[in-house]
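Remarks on the structure that follows.
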């Protein structure tokens with residue numbers, strides 16, 4: 023939310039503090055000079071001991087902006103219903119061309135002297151603090167990677183990308199390994215089945231030979247033997 027007068031536009035006009043007990047909290051507002059004049063400003067508050075404003079007076083040059091930082095001192099207890107009754111008043115007045123902060127005087131903001139002074143009232147609002155998402159110290163197996171969060175709540179994008187890439191590679195390698203193991207297992211089962219079938223056929227031929235008291239052709243026996251040797255070699259490799 024912003025407020026615009028003839029001299030300065032103030033953004034925002036509602037000072038929001040992420041309230042936390044025993045912690046100093048700051049927020050900023052931007053003053054934009056929309057005029058062709060040098061504009062002097064002054065910031066007042068109903069509770070000067072509680073807040074520190076930097077700068078509390080200054081000059082904004084024509085068609086330029088200036089930032090003001092408001093810091094709330096650490097509070098020992100929270101107000102009822104988190105409602106704050108503190109108020110700020112920002113006054114602005116046309117200054118002499120080329121004026122600087124050292125040229126500002128209290129008389130410039132005195133309306134009784136006939137000076138045109140713009141007033142803008144600012145409310146103070148307490149909002150819940152933005153807490154970073156918890157990150158576990160060590161990732162569990164099978165869990166997805168998460169971005170790390172720095173002390174100020176910013177996400178380390180580069181580190182997150184590296185973790186994500188490593189995680190994806192690990193998942194790809196795991197999938198390839200499982201597929202290879204499954205394929206080798208199927209091949210092993212097939213070889214064992216073929217070996218058992220050949221053994222059964224050889225045993226059947228032996229029985230037929232004994233019954234007929236005849237002999238098995240030498241070439242067939244050699245073929246069976248070579249196949250058995252080849253299957254044994256494949257089984258050792260698997």
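Numbering (the numbering used here), first residue to last: 23 to 260. Don't be surprised by glycine CBs; every beta carbon is placed ideally from N, CA and C.
Candidates the options, of which the one nearest residue i by Cα
i, options, result
"residue 112", "58, 230, 42, 36", "36"
"residue 50", "64, 57, 76", "76"
"residue 224", "250, 119, 208", "250"
"residue 125", "137, 62, 214", "62"
"residue 118", "206, 104, 137, 133", "137"
"residue 42", "103, 226, 98", "98"
"residue 88", "231, 68, 114, 218", "114"
Unbroken beta strand (DSSP E) run spanning residue i, endpoints
i, result
"residue 49", "47 to 55"
"residue 80", "79 to 82"
"residue 43", "Looking at the DSSP string, residue 43 is not in any beta strand (DSSP E), and its letter there is neither H nor E."
"residue 143", "139 to 149"
Beta-carbon spacing of residue i, residue j below 8 Å
i, j, result
"residue 53", "residue 32", "yes"
"residue 149", "residue 46", "no"
"residue 48", "residue 79", "no"
"residue 248", "residue 216", "no"
"residue 34", "residue 58", "no"
"residue 100", "residue 44", "no"
"residue 27", "residue 142", "yes"
"residue 131", "residue 56", "no"
"residue 30", "residue 116", "no"
"residue 151", "residue 40", "yes"
"residue 121", "residue 60", "yes"
"residue 220", "residue 246", "yes"
"residue 146", "residue 109", "yes"
For residue i, the three-state DSSP class (helix, strand or coil)
i, result
"residue 163", "With a pLDDT of 48 at residue 163, under the threshold of 50, the predicted position of this residue should be treated as unreliable, though the coordinate-derived value follows. Residue 163: coil per DSSP, three-state reduction."
"residue 30", "strand"
"residue 96", "coil"
"residue 131", "helix"
"residue 114", "strand"
"residue 176", "Only weak support exists for where residue 176 lies, its pLDDT of 44 falling under 50; the coordinates are left without a value."
"residue 254", "helix"
"residue 66", "strand"
"residue 211", "helix"
"residue 121", "coil"
"residue 152", "coil"
"residue 170", "Only weak support is given to the placement of residue 170: the predicted model assigns it a pLDDT of 45, under 50, and the value that follows is read from those uncertain coordinates. Reduced to three states, the DSSP call for residue 170 is coil."
"residue 203", "helix"
"residue 246", "helix"
"residue 71", "coil"
"residue 102", "helix"
"residue 182", "A caution first: residue 182 carries a pLDDT of 49, below 50, which makes its placement in the model too unreliable to give a value."
In DSSP terms, what residue i is bridged to
i, result
"residue 76", "91"
"residue 61", "82, 116"
"residue 36", "145"
"residue 109", "145"
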